[in-house]
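Be aware that the sequence shown starts at -10, since it is given in the numbering used here, and climbs by one per residue.
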Amino acid sequence: MRDVSDVMLVAIFSLLSLKLLEGWMAIITGLVTISYIIVTLIFALKRNNREKEQEEREKERHEMEVRLLQKKPDGEV
């Protein structure tokens, strides 16, 4: 969520700067801002996907450990 709030702040400040700037500076500022927003959101999505995959692997590992413990006879530990 931190990335999204950073992107929102950048977007707000860039919109304010577009009001103050004219011509080519406004176009360049807009292009840089749009690029930054897109790249930041892509990285945030990738990180989110990695975290979900890691949680799934941990869950599978836990389930495997539980199955192994259930298969052992009661006398063994």
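Using N, Cα and C, we set each Cβ at its ideal position, and we do this for glycine too.
Can you name the start and end residues of the alpha helix (DSSP H) that residue 19 belongs to? Within the sequence shown, numbered from 1, the residue matching residue 19 stands at position 30. First-last of the alpha helix (DSSP H) with residue 19: 13 to 60.
Using C-beta distances below 6 Å, list every residue in its chain close to residue 1, excluding the 5 sequence neighbours before and after it, in chain order. Reading the sequence shown from its first residue, position 12 is the one you call residue 1. Taken in chain order, the list of residues that qualify is empty.
May I have the straight-line CA-CA distance separating residue 51 from residue -5, to the nearest angstrom? Here residue 51 refers to the residue found at position 62 of the sequence shown. Here residue -5 refers to the residue found at position 6 of the sequence shown. In this structure, the alpha-carbon of residue 51 lies about 35 Å from that of residue -5.
Could you name the residues of the same chain whose beta carbon sits closer than 8 Å to that of residue 26, not counting the 5 residues immediately before and after it, in chain order? Translated into the one-based positions of the sequence shown, residue 26 becomes position 37. Around residue 26: -4, -1, 0.
Report the rounded CA-to-CA distance for residue 14 versus residue 21, giving the unit in angstroms. Residue 14 sits at position 25 when you count from the first residue of the sequence shown. Residue 21 sits at position 32 when you count from the first residue of the sequence shown. Each residue's alpha carbon lies about 11 Å from the other.
Does DSSP put residue 10 in a helix, a strand or coil? For this step, residue 10 is matched to residue 21 along the sequence shown. It is coil, neither helix nor strand.
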